[in-house]
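One structure is given below, encoded as structure tokens.
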Amino acid sequence: MIGSLWLVPLFPFAGFAVNGLLGPRVLPRQAVGWIACAAVALSFLFSLGAVSGLGQLPESSGGLVVDHEAQRVTQTLFTWMPLGPGRDGRAVSVDWSYVLDPLSAVMLLVVTGVGLLIHLYSIGYMEHEDRSGYARFFAYLNLFMGMMLVLVLGGSLPVLFVGWEGVGLCSYLLIGFWYDRMFDEKSGMSVADAGRKAFLVNRIGDVGFILGTLLLLSALGTAQIQDILKAVPNLSAGMATAAALLLFVGVCGKSAQIPLYVWLPDAMAGPTPVSALIHAATMVTAGVYVLARMAGLYVASPTAMTVVAVTGGLTALVAATLGTAQTDIKKVLAYSTVSQLGYMVLAAGVGAFTAGVFHLMTHAFFKALLFLGAGSVIHALSGEQDIMKMGGLRTRLPWTHATFLIGTLAIAGVPPLAGFFSKDEILWAALSGSGGSLLLWLAGVVTAGLTAFYMTRLYMLTFAGPPRLTHEAEHHLHESPPVMLLPLILLAVGSVAVGFVGVPHFLGGASVPNLFEHWLEPVMPAAAGGAAGAAAAGHAEEAAHAAAAGAPLSEWGAMFVALLASGAGIVAGFAMYRGGPRPERATPAVRWVRAKYYVDELYDRAFVGPYRALCRFASAWDARIVDGLVNAVAFVTDLAGEMLRLAQTGYVRNYALGFFVGTILILYYVLR
Amino acid sequence: MMPVPPQSVVIVSLLLFGIGVLGVLTRRNAIIILMSIELMMNAANLNLVAFSRQHAHLTGQVFGIFTITVAAGEVAVGLAIVLALYRRFNSIYVDDVRLMKE
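Chains A and B are the protein sequences, given in the same order.
Numbers given in the working numbering equal positions in the first sequence, counted from 1, plus 36.
Numbers given in the working numbering equal positions in the second sequence, counted from 1, plus 4.
The following block contains the structure:
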């Protein structure tokens, strides 16, 4: 089964080809949706088969290279770019290879599993689209899945980058899916603008990613991730830091970290399943995946780790504050996603890569659930997204309500739901991990409180309190069809259950092992676990040392503080929004948060404006100077023609006489 | 029969050529200009043949036949130009065609 790994990304590509070519004209509507789902389902099944094959690995053979110790299978399909001899004389080439190890296995299952549910959901959600739009949607969605799987499985940085760019493209296409609509009336941003914004901001990150890849390729002569990690000790400290930071620029773009997070809230212009799949569960976590993939490189550079941790902590905190003031149901969730991604990056930055990936996984479940729940609400209200015009939906949409509540509790960190375990592990790592500090931990705890608060606010305004629906929305109000409810229910189950695979050691003790950490153990660098990892591995000495050195609180104490913050957030949210929206005094602080700290305006002034000015200058240069020179040449020629014309009579006989006289003169000259 | 001396032939050819040049320079009708050009061409032909005989060498005569052939092609093109002129300007008087000046 593991030998057919290469098929996994191929199914969605086939679905893309079939739906993209035949969907709009030939295939019946139902077939389009089910073909797309079947493609992803096949990928999921083959992923399951391949991952289960990790248990008993075969010997290396043919295109398969098996590393038993690291539980890694590398399948090389073909040589993609032969680059000639490198610095040391060996031939350098980039192979198209897929790697399955415990880390990519986690991603593989999350991507195909959650992806499959979201595909199913889309069948119901997009039912009002016309036939060609329906086919286009599913074709893009399948293309995205294929690209995401290439990203996850890519064994070398260039292959990974193909997937990285591919998902970026699909993100752009799907954000702009309703390209003829308006997204934000106030700022005049159209849906197409939102897509372009996402694409362009991501480009900034991609430049960093390419430079990082090329730096590693030129320094080490290989782009194969495992070879790079093996060769990291050969890198000078400065080189390692530079490469890690350049890759991190790419991570910032894709995973929406400060300063490149601005595209994600506007990415909500896309259809809701897209927000769930791409902008919550899978694509935006690609950055975190790259951090975990390149963990060996990052731990080699304390500077880079600090940058990563601080960026993550800051993003988590800032985005959480912004989430408290949004009134669009999807934008609240978008800022929440940015904030949770900040958590994951923070975890990576303090060396707790396992915790980061664990949060990535739990987040994929509960955030996809929340987005799909929001989609169900929007669908029920005929497109209304303003939570000020909702309320009282608890009894009207019972299934949506129940699942959304579970998602809310999970993200708020209520034990024993999934979010609690993963968040707790990150917070503990932020306090005690390598490079962790009280400040980072506090940022995380405050974020946890804010998260609980804005999610409770969102829940209360949407489902509780007096209904504030418009008459029309009220009239069409209906619970979603089963094809949409089934994914909600399955994801809700996941949001409850999935946390138990990673119960922290101090909670579970010997009876409930931390399966997740054990699973990822072969992949993660030994030092990367930090104190948390060391404690789990049973190195009491190291753990005690780390705790004594950095942690002013015990693991239990830290957990209780975090729980207290979450509880306070929930209580505050409940108390403040029990009776529906409340008039908020527009203090300067509130105004700042509502205006999203004027970050978009700042970027407009600082980057977009000057760039536009530069463009205008270049355009004027082209029109005046370059075109001017060309026109000047034409003008001079024209002028010369006008002058010479004066010498012409236009009578044939004059010219004939000219010939005659000329000939005689020449003859005289020749025969003289 | 007394052979014609080459000098006489050259004089005739000179006269023919002169008539041709005058025709080209003075006539307005494009067809007559064309005919005048033919005259000049035949003056040259006459020279070729005459000197060919004087030198008892056939090259000149072969050249003459070539020239006649080329002249036929030239007339065809010339008449086509005249026809085109007529279609465009409704006239074959070359003085009516002064595009270079206008």
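All residues carry an ideal CB built from backbone N, CA and C; glycine is no exception.
*valine 537 of chain A lies in the alpha helix (DSSP H); which residues open and close that run?*
For valine 537 of chain A, no alpha helix (DSSP H) encloses it, and the DSSP letter there is neither H nor E.
*If we cut at 8 Å on Cβ distances, does arginine 102 of chain B have a partner in chain A?*
yes
_Neighbour-count burial assignment, serine 372 of chain A, 16 or more Cβ in a 10 Å radius_ = buried
*asked:* Alpha carbons only, please: which of B:Arg32, B:Leu50, B:Ala76 and B:Met39 is nearest the one belonging to leucine 18 of chain B?
replied: B:Leu50
_valine 697 of chain A versus serine 95 of chain B: straight-line alpha-carbon distance, rounded_ = 28 Å
_One question on the structure: do alanine 54 of chain B and valine 86 of chain B come within less than 8 Å of each other, judged by their Cβ atoms?_
No. Outside cutoff.
*Going straight from the alpha carbon of proline 10 of chain B to that of glutamine 65 of chain B, what length do you get?*
CA-to-CA, the gap between proline 10 of chain B and glutamine 65 of chain B works out to about 15 Å.
*What does arginine 167 of chain A reach in chain B if we use C-beta pairs closer than 9 Å?*
Per Cβ cutoff of 9 Å: no residues; arginine 167 of chain A is ~57 Å from chain B at best.
*Does any residue of chain B bring its CB to less than 8 Å from the CB of threonine 673 of chain A?*
no
_Under 8 Å, Cβ to Cβ, is there at least one residue of chain A near valine 16 of chain B?_
no
*What are the start and end residues of the alpha helix (DSSP H) that includes tryptophan 42 of chain A?*
Run containing tryptophan 42 of chain A: none; DSSP gives neither H nor E here.
*Does any residue of chain B bring its CB to less than 8 Å from the CB of leucine 205 of chain A?*
no
_Relative to the C-alpha of tryptophan 435 of chain A, which candidate in A:Ser531, A:Leu417, A:Ile525 and A:Asp422 has its C-alpha closest?_
A:Ile525
*Could you tell me if lysine 403 of chain A is buried or exposed, where buried requires 16 or more neighbouring beta carbons within 10 angstroms of its beta carbon?*
buried
*Might you give, ordered along the chain, the residues of its own chain that have their beta carbon closer than 6 Å to the beta carbon of alanine 563 of chain A, omitting 5 neighbours on each side?*
Annotation note: pLDDT 47 at alanine 563 of chain A (below 50); position unreliable, coordinate value reported separately. Here the set comprises Val335.
*When you compare only the Cα positions, how much space is there between tyrosine 297 of chain A and arginine 65 of chain A?*
It is roughly 37 Å from the alpha-carbon of tyrosine 297 of chain A to the alpha-carbon of arginine 65 of chain A.
_Tell me the rounded alpha-carbon separation between valine 79 of chain B and alanine 659 of chain A._
51 Å
*May I ask which residues mark the beginning and end of the beta strand (DSSP E) holding methionine 218 of chain A?*
Counting along the chain, the unbroken beta strand (DSSP E) around methionine 218 of chain A starts and ends at 218-220.
_Helix, strand or coil at alanine 563 of chain A [DSSP, three-state]_ = Because alanine 563 of chain A sits at a pLDDT of 47, beneath the cut-off of 50, its placement in the model cannot be relied upon, and the following sentence gives the value as read from the coordinates. Residue state, collapsed to three classes: helix.
_Start and end residues, beta strand (DSSP E) containing tryptophan 657 of chain A_ = Here tryptophan 657 of chain A belongs to no beta strand (DSSP E), and DSSP marks it neither H nor E.
*asked:* Among A:Ser470, A:Arg432 and A:Ala446, whose alpha-carbon lies nearest the alpha-carbon of phenylalanine 389 of chain A?
replied: A:Ser470
*Between A:His155, A:Val188 and A:Leu494, which lies nearest to tyrosine 360 of chain A when the distance is taken from Cα to Cα?*
A quick correction: the sequence has threonine, not tyrosine, at residue 360 of chain A. With distances taken between Cα atoms, threonine 360 of chain A lies closest to A:Leu494.
*Note down, one range per segment and in chain order, each beta strand (DSSP E) of at least 3 residues found wholly within the region 47-125 of chain A.*
100-103 and 108-121
*asked:* Under 8 Å, with one C-beta from each stretch per pair, do the region 439-459 of chain A and the region 400-417 of chain A reach the 3-pair mark?
replied: At 8 Å Cβ cutoff, the stretches touch.
_Pop quiz: glycine 332 of chain A and valine 268 of chain A are said to be a contact at Cβ under 8 Å. What is the actual Cβ separation, rounded to whole angstroms?_
5 Å
*Going by CA-CA distance only, name the one from A:Phe284, A:Ala316 and A:Phe213 that's closest to glycine 169 of chain A.*
A:Phe213
*Where DSSP assigns a beta bridge to aspartate 364 of chain A, which residues make up the other side?*
BP columns for aspartate 364 of chain A point to A:Asp422.
_Contact set for phenylalanine 235 of chain A: own chain, Cβ-Cβ below 6 Å, skip 5 residues either direction_ = Tyr208
*Interface residues of the region 22-38 of chain B facing chain A [CB-CB below 9 Å]*: Val25, Val28, Leu29, Thr30, Arg31, Arg32, Ala34 and Ile37
*Tell me where the alpha helix (DSSP H) around alanine 317 of chain A begins and ends.*
Unbroken run through alanine 317 of chain A: none, as it is neither H nor E.
*Nearest to tyrosine 639 of chain A by alpha carbon, out of A:Ile294, A:Gln260, A:Ser547 and A:Ala345?*
A:Ile294
*serine 291 of chain A (DSSP reduced to helix, strand or coil)*: Residue state, collapsed to three classes: coil.
*threonine 318 of chain A: buried (16+ other C-beta within 10 angstroms of its C-beta) or exposed?*
buried
*asked:* By the three-class DSSP mapping on this structure, what secondary structure does tryptophan 132 of chain A have?
replied: Residue state for tryptophan 132 of chain A is assigned as strand, using DSSP reduced to three classes.
*alanine 127 of chain A - DSSP class collapsed to helix/strand/coil*: strand
*Quick one: which residues of the region 73-106 of chain B get their C-beta closer than 9 Å to a C-beta of chain A? List them in chain order.*
Val98, Asp99, Val101, Arg102, Leu103, Met104, Lys105 and Glu106
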